[in-house]
Amino acid sequence: MDLVANLYLGLETALSPINLAYCLLGVFVGTLIGVLPGIGALAAISMLFPFTYHLEPTTALIMLAGIYYGTAYGGSTASILLNIPGTTSSAVTCLDGYPMAQQGRAGVALAMTAIASFFGGVFGILVLSVFTPVVASWALSFGSADYFALMVLGLVAASTVSDGSPIKGLAMVVLGMLVATIGMDPQSGTARFTFGSLSLLDGISIGALAMGLFGVAEIITSVRSSSNDSIKARDVSLRSLMPTRDDWRRFWMPALRASTIGSFFGALPGTGPTVAAFVSYGVEKRVATDPSRFGKGAVEGVVAPEAANNAADQTAFIPTLSLGVPGSATMALMIGAMMVHGIHPGPNLVTDHPDLFWGLVMSFWVGNLMLVVLNLPLIGLWVRLLTVPYKMLYPAILVMVCIGAYSVHFKAFDVMVVLGFGILGYAMRIFSMPAAPLLLGFVLGPMIEQHFRRAMVLARGDFTAIIGRPISGTVLVITLLILVLSIYASMRRRPADPAAPPAPHIEDED
Amino acid sequence: MKLLKLAATAALMMSGAAAVQAQDFPDGTVTLIIPYGGGGSTDLIARALANELGRMWDEAVIVENRPGAGSMIGTASLAQAEPDGYTLLVNTPAHATAPAVQKDLPFDPKTDITPIGMVATSPYMAVAGAAVQSDDLTAFAAESQDRPMFFATAGVGTSSHFAAELLIQQAGIEGDVVHFAGGGEAQTNLMGGHADVYISNTASVMPYVNNGQVKPLVILGPTRYDALPDVQSSGEAGADGIEINSWVGLFGPGGMDPALVEKLNADMRAAVGTETFKQVLADNFVQPGVGSAADFKAQVETEMQLWSDLAAERGIVAQ
Numbered sequence: 001m002d003l004v005a006n007l008y009l010g011l012e013t014a015l016s017p018i019n020l021a022y023c024l025l026g027v028f029v030g031t032l033i034g035v036l037p038g039i040g041a042l043a044a045i046s047m048l049f050p051f052t053y054h055l056e057p058t059t060a061l062i063m064l065a066g067i068y069y070g071t072a073y074g075g076s077t078a079s080i081l082l083n084i085p086g087t088t089s090s091a092v093t094c095l096d097g098y099p100m101a102q103q104g105r106a107g108v109a110l111a112m113t114a115i116a117s118f119f120g121g122v123f124g125i126l127v128l129s130v131f132t133p134v135v136a137s138w139a140l141s142f143g144s145a146d147y148f149a150l151m152v153l154g155l156v157a158a159s160t161v162s163d164g165s166p167i168k169g170l171a172m173v174v175l176g177m178l179v180a181t182i183g184m185d186p187q188s189g190t191a192r193f194t195f196g197s198l199s200l201l202d203g204i205s206i207g208a209l210a211m212g213l214f215g216v217a218e219i220i221t222s223v224r225s226s227s228n229d230s231i232k233a234r235d236v237s238l239r240s241l242m243p244t245r246d247d248w249r250r251f252w253m254p255a256l257r258a259s260t261i262g263s264f265f266g267a268l269p270g271t272g273p274t275v276a277a278f279v280s281y282g283v284e285k286r287v288a289t290d291p292s293r294f295g296k297g298a299v300e301g302v303v304a305p306e307a308a309n310n311a312a313d314q315t316a317f318i319p320t321l322s323l324g325v326p327g328s329a330t331m332a333l334m335i336g337a338m339m340v341h342g343i344h345p346g347p348n349l350v351t352d353h354p355d356l357f358w359g360l361v362m363s364f365w366v367g368n369l370m371l372v373v374l375n376l377p378l379i380g381l382w383v384r385l386l387t388v389p390y391k392m393l394y395p396a397i398l399v400m401v402c403i404g405a406y407s408v409h410f411k412a413f414d415v416m417v418v419l420g421f422g423i424l425g426y427a428m429r430i431f432s433m434p435a436a437p438l439l440l441g442f443v444l445g446p447m448i449e450q451h452f453r454r455a456m457v458l459a460r461g462d463f464t465a466i467i468g469r470p471i472s473g474t475v476l477v478i479t480l481l482i483l484v485l486s487i488y489a490s491m492r493r494r495p496a497d498p499a500a501p502p503a504p505h506i507e508d509e510d
Numbered sequence: 001m002k003l004l005k006l007a008a009t010a011a012l013m014m015s016g017a018a019a020v021q022a023q024d025f026p027d028g029t030v031t032l033i034i035p036y037g038g039g040g041s042t043d044l045i046a047r048a049l050a051n052e053l054g055r056m057w058d059e060a061v062i063v064e065n066r067p068g069a070g071s072m073i074g075t076a077s078l079a080q081a082e083p084d085g086y087t088l089l090v091n092t093p094a095h096a097t098a099p100a101v102q103k104d105l106p107f108d109p110k111t112d113i114t115p116i117g118m119v120a121t122s123p124y125m126a127v128a129g130a131a132v133q134s135d136d137l138t139a140f141a142a143e144s145q146d147r148p149m150f151f152a153t154a155g156v157g158t159s160s161h162f163a164a165e166l167l168i169q170q171a172g173i174e175g176d177v178v179h180f181a182g183g184g185e186a187q188t189n190l191m192g193g194h195a196d197v198y199i200s201n202t203a204s205v206m207p208y209v210n211n212g213q214v215k216p217l218v219i220l221g222p223t224r225y226d227a228l229p230d231v232q233s234s235g236e237a238g239a240d241g242i243e244i245n246s247w248v249g250l251f252g253p254g255g256m257d258p259a260l261v262e263k264l265n266a267d268m269r270a271a272v273g274t275e276t277f278k279q280v281l282a283d284n285f286v287q288p289g290v291g292s293a294a295d296f297k298a299q300v301e302t303e304m305q306l307w308s309d310l311a312a313e314r315g316i317v318a319q
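First to last, the protein sequences are chains Z and S.
With full-length UniProt numbering, letter number 103 in the first sequence gets 103, and the count goes up by one each step, no holes.
With full-length UniProt numbering, letter number 178 in the second sequence gets 178, and the count goes up by one each step, no holes.
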């Protein structure tokens, strides 16, 4: 009964005209910012943060949160249409979203991601509203050893994100991990690969890396291969929006699995939507009956990461609200918006400020509904964006990428980082090196390293302590099983290999 | 003789000009750098200060978050600004601790930065997590003999790191430091029982103490803390040589005209004295700052010395 009363209170709060208006404003701004490559939720929320001084804390949070999860809806649009991720967590969506667009199925991809986003969001909110106290205490039991094991599992599960040469994929993962070591080592304070530059001391900004590697590299590539004909190849008719029966059949299970994965990683402070998107994509590819469809426009390949990152965005509020611990810089701003009004989130928030907690939770439902209503009709408009000639579209995108990279830390250096990784990304395309594994290594590498070293300090150097803990031990065993199974599978497949179609480079030699 | 006269006249004219400059200040937009990301207590206090100063001066005071390198990225950009008072910065004791581990800074923290005044102050406090049995420092020091403790920090070279090293040294505790990415993560690990103690200012720990997520162990310093009268002070437990307080301070670029520093110090004090600002301080569990610009400068320099000595002594200097 309590829950019903609370939900009613929350709904009452969320549906008050002022909160409704700010929720709409938040999700609208969020979608827009998500669509624009470069400018992310963090920059947008930082800019709007001062306004929250003049708002009720609940209203302020509803707006900021709307921006936050709204970006996850919009982020996939540019990934699918332009092969340029609007947000970092949508980078994975490029892998199958862009091939779908090239096959004239951009509308389907956009519709499926909007629905997958809604599915993931709703799943995340359910977890948030029913299990918050349970999940929060359970998240506390994760120590560094457990995080380490989880990140290793994530790396193994997602290591198949690229198709093509496994060696190249692995090389890019390692390169990503190496790039991530730039900066001050958090355990010893030693500066690594900074060459005395203070700008490098904080490491490479993930936003700048992703924008360069995916966005700028895509633009350079397109400029070189004159692209007028590819516009013709893109169907923008209304009929192209409708998912087929086969698309729907491929929707439910991936969406369900990805939402679970997303909810899990979202609730753990420090991990988040990008890890969730990678892992869910990797899992779908592994469980698929025909993994070779991935990377060539598989619907599961857009559904999974988008359901996962939206679910993660919602469950990220669990540690934020119930422990008072921000899992990311964006969440720190949310806590700040409460602190401004003298509210300190923590285990007592739900009992001390039920209107705030439940109002926010219910506003997520409202906001997600608004987003799906907002996004589905917009698809037609977005797809039409493709008819804008590249010579007008790309300079505009480049300007936005630069503004976006600059606005996160107000560092001109980050704009240079975008350029540097744009050039690297282009070079990688020439040598058909996949970019997604580099981003994966960049995201997971530092987590693996830092949690491992911290776990070693906490275990006083005893490695067996990592295997001996119940959570980390279980996760590592699962990881090992996946490894063994995939090696076994590749051994069994090998005899068939000679009969497989010849690799493209053989044709080149003619 | 003639030359001397000329020099004297020139000096007079210059000081006259400087006085005028200080009197007219500000005539235009003032930028306040916050060397941290948004949402933390320093960010909130600095933004409130910007609001008050803006209202007082009737000029726009723009806040810029320039996080990174334990506040040194924002401080470096301050060091490059003109010392005309139009670029200011708000920082914490990280201003003194970060240079103790970061040796390649592109500025000299002593000469390229001018301390203007203390905005707020609060004691440091050690809080303990689920795995710790003791309720005060005396018992804790004994407990650490049986089970060496883990001191969680907010990162290498942060004040939580240095305060932990100082307490370990002065109170004879068996323990090691383990670095986390920020005070939130450090305290989460306390709650989960993965690490044992975390030391920070009251602004950072009091929300968790009030929610019963971590327990207060000891106040660093000779005296107790008003808001928690039952919590022992380190002086009472017999640990001497810990006379440090956390603070939030206002800084300008190096080589500022003393008249301008005085003017800024006075205006900052007036801002701190307003009711709205006092409320912000109370919400963040800190007290209004005390002392003149000269006092603050002396304190900052003492702390810089203290931390760089401690860093050398305990081998926490990065290679």
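Just so it is clear, CB atoms sit at the ideal spot from N, CA and C, and this is done for glycine as well.
Bear in mind the structure is a predicted one, so any value in this text is a computation, not a measurement.
Residue i (DSSP reduced to helix, strand or coil)
i: Gln287/S; result: strand
i: Arg492/Z; result: helix
i: Pro253/S; result: strand
i: His451/Z; result: helix
i: Gly183/Z; result: strand
i: Met149/S; result: strand
i: Val61/S; result: strand
i: Ala233/Z; result: Low local confidence applies: a pLDDT of 46 at Ala233/Z is under 50, so the model's placement there is unreliable, with the coordinate-based value given in what follows. The answer is coil: DSSP assigns Ala233/Z none of H, G, I, E or B.
i: Leu55/Z; result: coil
i: Asn91/S; result: strand
i: Asp176/S; result: strand
i: Leu220/S; result: coil
i: Ala503/Z; result: Low confidence applies to Ala503/Z: its pLDDT is 42, below 50, so where it sits in the model is not reliable, and the reading given next is rough at best. Looking at Ala503/Z - three-state DSSP - the assignment turns out to be coil, as it is neither helix nor strand.
i: Ser200/S; result: strand
beta-carbon residue i near the ligand SAM non-hydrogen atom, thresh 7 Å
i: Ala267/Z; result: With respect to the ligand SAM, the structure offers nothing, as it holds no ligand at all.
Within 8 Å, strictly: CB atoms of residue i and residue j
i: Pro35/S; j: Arg55/S; result: no
i: Leu483/Z; j: Val156/Z; result: yes
i: Arg454/Z; j: Ser141/Z; result: no
i: Ile219/S; j: Val231/S; result: yes
i: Leu374/Z; j: Phe28/Z; result: yes
i: Ala312/Z; j: Gly272/Z; result: yes
i: Ala48/S; j: Leu32/S; result: no
i: Leu201/Z; j: Phe421/Z; result: no
i: Gly249/S; j: Asn91/S; result: yes
i: Gly425/Z; j: Ala435/Z; result: yes
i: Leu228/S; j: Val127/S; result: no
i: Gly380/Z; j: Leu480/Z; result: no
i: Pro269/Z; j: Glu313/S; result: no
i: Arg192/Z; j: Ile182/Z; result: yes
i: Gln170/S; j: Gly241/S; result: yes
Beta strand (DSSP E) segment containing residue i, residue limits
i: Gly117/S; result: 113–128
i: Asp96/Z; result: That residue, Asp96/Z, is in no beta strand (DSSP E); its alpha helix (DSSP H) goes 93–102.
i: Tyr281/Z; result: Per DSSP, Tyr281/Z belongs to no beta strand (DSSP E); it is in the alpha helix (DSSP H), 273–287.
i: Leu32/S; result: 30–34
CB contact check: residue i to chain C, cutoff 8 Å
i: His95/S; result: Among the protein chains of the structure shown, namely Z and S, there is no chain C.
Residue i, buried or exposed, once every other Cβ within 10 Å from all chains shown has been counted against 16
i: Ala163/S; result: buried
i: Lys391/Z; result: exposed
i: Leu12/S; result: With a pLDDT of only 49 at Leu12/S, under the threshold of 50, the placement of this residue in the model should not be trusted; the figure read from the coordinates follows. Exposed, since its Cβ has fewer than 16 Cβ neighbours within 10 Å.
i: Tyr51/Z; result: The sequence given here places Phe at residue 51/Z; Tyr does not occur at that position. It is exposed - the Cβ of Phe51/Z has fewer than 16 other Cβ atoms within 10 Å.
i: Arg257/Z; result: buried
i: Gln305/S; result: exposed
i: Ser490/Z; result: exposed
i: His344/Z; result: buried
Contact belief for residue i with residue j at Cβ below 8 Å, rounded distance in angstroms
i: Ala405/Z; j: Pro243/Z; result: Between Pro243/Z and Ala405/Z the Cβ distance is about 35 Å, and since that is not below 8 Å, they are no contact.
i: Ala94/S; j: Thr87/S; result: That belief does not hold up - the Cβ atoms of Ala94/S and Thr87/S are roughly 19 Å apart, past 8 Å.
Residue span of the alpha helix (DSSP H) that contains residue i, given as start and end
i: Lys297/S; result: 293–313
i: Pro258/S; result: 258–273
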